[in-house]
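Q: Sharing a structure below in structure tokens format, with a few things to ask.
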Amino acid sequence: MNLIFAILGICGGVIAGIGDMLLDLKGKGNQKLGTSKNIDSNWLNMSEWRFRASVICGLVG
Numbered sequence: 878m879n880l881i882f883a884i885l886g887i888c889g890g891v892i893a894g895i896g897d898m899l900l901d902l903k904g905k906g907n908q909k910l911g912t913s914k915n916i917d918s919n920w921l922n923m924s925e926w927r928f929r930a931s932v933i934c935g936l937v938g
């Protein structure tokens, strides 16, 4: 039983990591803006499906 939970935990972590990468990869030409460099210039150019897929991956993970 512990092996099943270990495998499910690893799979959940991988799925959550994929969802996080969908938001973090902004593409070429991205610039960090603002005084604290928290604003990415390519947020407006990103496809909406990436946001949805990221939320779903986080939920499943």
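Just so we're aligned, residue 878 is where the sequence shown starts under my numbering, counting upward by one.
Cβ atoms here follow ideal geometry from the backbone N, Cα and C, with glycine treated the same way.
Predicted model, so just to flag it, every value in this text is computed and none were measured.
#1: Rounded to the nearest angstrom, what separates C934 and T912 at their Cα positions?
#2: Per the contact definition of three or more C-beta pairs closer than 8 Å, is the region 881-889 in contact with the region 902-909?
#3: Quick one: Cα of M898 to Cα of M878, how far?
#4: Should G896 go down as buried or exposed, given a rule of 16 or more other Cβ atoms within 10 Å for buried?
#5: Spatial neighbours of D917 within its chain, please: CB distance less than 8 Å, with the 5 preceding and 5 following residues excluded, ordered by chain position.
A: Put simply:
#1: 31 Å
#2: no
#3: 31 Å
#4: buried
#5: K903, N907, Q908, K909, L910
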